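Residue numbers (our numbering): 35 to 123.
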């Protein structure tokens, strides 16, 4: 049993995908129909834009289009920044 677990562990180590650059990830996102920046780290500028845009009344959809992110990612960032009261989440 232990030998089988070690064999599985070795297989998993060997099948890791090579690390891709941000541009490669963006290209892959576009190829599969996801927003360009889907799954990429947020920059401080992006976070600031969400904060200012949301406070100025921009819609989630407009922010998502502007930042090339999904609406769900924008909502998650708005919640993370505490831009809406907990009872409205």
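All C-beta atoms, glycine included, are put in the ideal place defined by N, C-alpha and C.
Keep in mind the model is a prediction, meaning the values are calculated, not measured.
In the DSSP assignment, residue 48 falls within the alpha helix (DSSP H) that extends over 36-48. Per DSSP, residue 71 lies in no alpha helix (DSSP H) and is assigned neither H nor E. For residue 109, the CB contacts under 8 Å within the same chain, skipping 5 residues up- and downstream, are 94 in chain order.
One thing to note: residue 98 has its Cβ within 8 Å of the Cβ of residue 69.
Here the region 70-90 does not lie against the region 43-53, with fewer than 3 beta-carbon pairs under 8 Å apart. DSSP, read as helix, strand or coil, puts residue 87 in helix.
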